[in-house]
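Remarks on the structure that follows.
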Amino acid sequence: FYPQLAHNPGLLRLFKPMTSFWGLHGLLPDRDREIAILRVAWMKQLPFVWGEHVRMGKQAGLITDEIVRIAQGSAAGGFDAHETAIIKAVEELQAHSNITDQTWDVLAQTWTEGQLIELPLMVGTYQMLGWMQAITQQPL
12 FYPQLAHNPG LLRLFKPMTS FWGLHGLLPD RDREIAILRV AWMKQLPFVW GEHVRMGKQA
72 GLITDEIVRI AQGSAAGGFD AHETAIIKAV EELQAHSNIT DQTWDVLAQT WTEGQLIELP
132 LMVGTYQMLG WMQAITQQPL
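Quick note: the sequence shown uses the working numbering, first residue 12, plus one each step.
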């Protein structure tokens, strides 16, 4: 699953439950979570994460055309304001390590504070996978 972490079993024991947390105990709706993870996976070129979450995204109600548009980014259109804001939030975190007030305000219209806090933590978890892959230069 995370072959590079096999070199540090203590980290593997901590990291794997963390990535599993989002789907098992997270507060974000399944569809919203998968939109965010797919955008991170595409932007960071995480083939294993992308493949797994395409499947999970479809289980959460995403269709192939929507998955293609997630890969294209927030400018691709075809999503409502909330889902566009999820994609934009991931892009903003990747580019600036911050979510703009405008994007945050759109998300805050439908999410609780707990959900708002969960998004950057979840994106950061998958960002770490991207860093690990880039540093080790091995696909996950």
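Idealized CB from N, CA, C, for every residue including glycine.
If you're wondering where the values come from, they're calculated on a predicted model, not measured in any experiment.
Backbone CA spacing between residue 85 and residue 15 [nearest angstrom] | One C-alpha to the other measures close to 31 angstroms.
In angstroms with no decimal places, state the Cα-to-Cα distance between residue 70 and residue 43.
-> One C-alpha to the other measures close to 12 angstroms.
Cβ pair count under 8 angstroms reaching 3, the stretch 58-66 against the stretch 83-97 = Segment contact: the stretch 58-66 against the stretch 83-97, fewer than three CB-CB distances shorter than 8 angstroms; contact not assigned.
Close-in-space but distant-in-sequence residues of the same chain around residue 80 (CB under 8 angstroms, 5 per side omitted) | These residues qualify, in order along the chain: 87, 88, 89, 90.
Buried versus exposed call for residue 95 [16 or more other C-beta atoms within 10 Å across all chains shown] | Sixteen is the threshold: when 16 or more other Cβ atoms of the shown chains lie within 10 Å of the Cβ of residue 95, as they do, the residue is buried.
Would residue 37 pass as a contact of residue 139 if the rule is Cβ separation under 9 angstroms?
-> No, Cβ-Cβ distance for residue 37 and residue 139 is not below 9 angstroms.
Can you name the start and end residues of the alpha helix (DSSP H) that residue 97 belongs to?
-> Looking at the DSSP string, the run of the alpha helix (DSSP H) that includes residue 97 is 92-107.
Beta-carbon spacing of residue 45, residue 68 below 9 angstroms | Between residue 45 and residue 68, the CB-CB gap stays under 9 angstroms.
If I'm right that residue 130 touches residue 47 with Cβ under 8 angstroms, what's the distance once you round it to whole angstroms?
-> Contact between residue 130 and residue 47 is confirmed by a C-beta separation of about 6 angstroms, below the 8 angstroms threshold.
Taking residue 117 and residue 51 to be in contact with their CB atoms under 8 angstroms, please state how far apart those CB atoms are, rounded to whole angstroms.
-> No, residue 117 and residue 51 are not in contact; Cβ-Cβ is about 19 angstroms, not under 8 angstroms.
Would you check if the distance between the CB atom of residue 92 and the CB atom of residue 53 is smaller than 9 angstroms?
-> Going by beta carbons, residue 92 and residue 53 fall outside the 9 angstroms limit.
Inter-residue spacing [alpha-carbon to alpha-carbon] between residue 23 and residue 29 | Approximately 10 angstroms between the Cα atoms of the pair.
Assigned secondary structure, residue 22 (DSSP; H/G/I helix, E/B strand, else coil) | Correct three-state label for residue 22: helix.
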